[in-house]
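Q: In terms of our numbering, the sequence shown opens at residue 20 and continues consecutively.
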Amino acid sequence: MTTIIKPAARRRTPPARPVWEEEPSAIAKAGKVVLLSLVVLAVLGPLYTIVLTSLSSQATITQAGGLVIVPGEITLDAYRQIISGGVVTRAVLVSVGVTVVGTLLSMVVSVLCAYGLSRPGSFAHTPLLFTLLITMFFSAGMIPSYLLVSGLGLINSYWALILPTAVSVFNIIILRGFFMGIDRGILDSARIDGASEWRILAQIVLPMSKAVTAVIALFYGVGYWNAFFNAVLYINDSAKNPLQVVLRSYVLQGVTVPGQIDVGQGAAASLALQMAVIVLAMVPILLVYPFVQKHFTKGVMIGAVKG
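(1) I believe residue 186 touches residue 128 by the beta-carbon criterion, under 8 angstroms. Please report the beta-carbon distance rounded to the nearest angstrom.
(2) Any idea if residue 195 is buried or exposed, counting beta-carbon neighbours within 10 angstroms, 16 or more meaning buried?
(3) What is the DSSP secondary structure of residue 75, reduced to helix, strand or coil?
(4) Name the one or two DSSP bridge partners that residue 93 has.
(5) What are the boundary residues of the alpha helix (DSSP H) that includes residue 112?
(6) Could you pull the start and end residues of the alpha helix (DSSP H) that residue 233 belongs to?
(7) DSSP state of residue 216, grouped into three classes?
(8) Could you check the C-alpha separation between residue 290 and residue 67 for me, to the nearest Å?
(9) List the endpoints of the continuous alpha helix (DSSP H) containing residue 248.
(10) Using the beta-carbon count (16 or more within 10 Å), is residue 59 buried or exposed?
(11) Is DSSP giving residue 204 helix, strand or coil here?
(12) Could you give the first and the last residue of the continuous alpha helix (DSSP H) run that contains residue 152?
(13) What is the DSSP secondary structure of residue 190, counted as helix, strand or coil?
(14) Taking Cβ positions, are residue 259 and residue 113 nearer each other than 8 angstroms?
(15) Over the uninterrupted alpha helix (DSSP H) stretch that includes residue 167, give me the two end residues.
(16) What's the gap between the Cα of residue 248 and the Cα of residue 233?
(17) Given this structure, state the Cα-to-Cα distance separating residue 94 from residue 74, to the nearest angstrom.
(18) Could you check if residue 308 is buried or exposed, using at least 16 other CB atoms within 10 Å of its CB as the buried criterion?
(19) Quick one: residues in its chain with C-beta nearer than 8 angstroms to the C-beta of residue 313, no 5 flanking neighbours on either side, listed in chain order?
(20) Report yes or no: is there a C-beta of chain C within less than 8 angstroms of the C-beta of residue 200?
(21) Name the residue from 109, 138, 132 whose alpha carbon lies nearest to the alpha carbon of residue 190.
As structure tokens, then:
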């Protein structure tokens with residue numbers, strides 16, 4: 020009787036793990052903690068100082084010799100003085116109106132343009148895309164832009180704060196890339212069922228693109244909120260200035276906000292007023308950003324890679 024000897028089973032070596040999936044060492048973990056702590060301090064430190072200075076009294080600011088780091092006497096005089104003056108309040112309303120109207124207009128134009136460019140065979144697809152890409156790298160310049168706005172009769176108009184920056188080619192490219200990533204079978208099925216392009220866009224494409232549209236709306240909103248150059252160029256009436264122009268003239272040039280009133284012994288220090296205006300300019304963006312942050316990575320990365 021012969022004995023059959025089975026060959027020894029080969030031991031399979033587990034596949035090597037990528038470097039980024041390996042467990043970091045204790046030193047690497049400690050280094051990450053230190054690095055992230057420094058980044059957090061670099062971000063929150065100035066914000067803490069600005070907010071605390073805006074809430075400090077004249078005596079505390081004088082004792083600190085400038086920006087306040089250690090809390091002292093807390094007061095809301097700076098914010099009361101800003102609100103009572105009316106100039107900053109009116110500038111905030113102008114900025115909010117320009118941001119809301121401008122963001123809506125920019126999103127409508129950008130979504131329609133990106134959807135048309137994402138459909139192969141659409142009218143003048145290639146020439147339009149080529150023209151947009153040219154304007155992305157070559158701009159007309161300040162003087163031709165001013166002459167165009169003046170020729171359209173937009174000088175000293177709120178539309179001068181919106182229309183010159185209403186469309187961003189970069190944002191259109193990101194939206195187009197995201198739209199092109201949607202499964203064509205879904206869109207073709209809708210067309211076979213008789214849906215028009217408007218219905219496909221409204222009921223299929225946009226609901227599937229919430230992430231990228233939210234991020235692009237944030238891009239436009241932050242751009243309109245922080246814009247001041249168009250106001251400097253095109254607005255002659257100081258009553259129509261947005262918040263950033265008032266903030267710039269008050270903080271950088273060190274002038275008193277026109278129309279500000281003295282509230283007597285409770286008048287805030289000049290530095291506290293400057294910091295309060297800065298806080299007022301930051302608050303809307305800080306309130307909106309947490310609701311959009313969850314879409315940030317998905318919306319930007321997918322649209323950018325496929326664009």
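Backbone N, C-alpha and C define an ideal beta-carbon position, used for all residues, glycine too.
Here the structure is a predicted model, which means the values were calculated and not measured.
A: According to the structure shown:
(1) 5 angstroms
(2) buried
(3) strand
(4) 75
(5) 106-137
(6) 229-245
(7) helix
(8) 15 angstroms
(9) 248-253
(10) exposed
(11) helix
(12) 144-156
(13) helix
(14) yes
(15) 161-170
(16) 25 angstroms
(17) 5 angstroms
(18) exposed
(19) none
(20) This model lacks chain C altogether, as it is built from one protein chain only.
(21) 132
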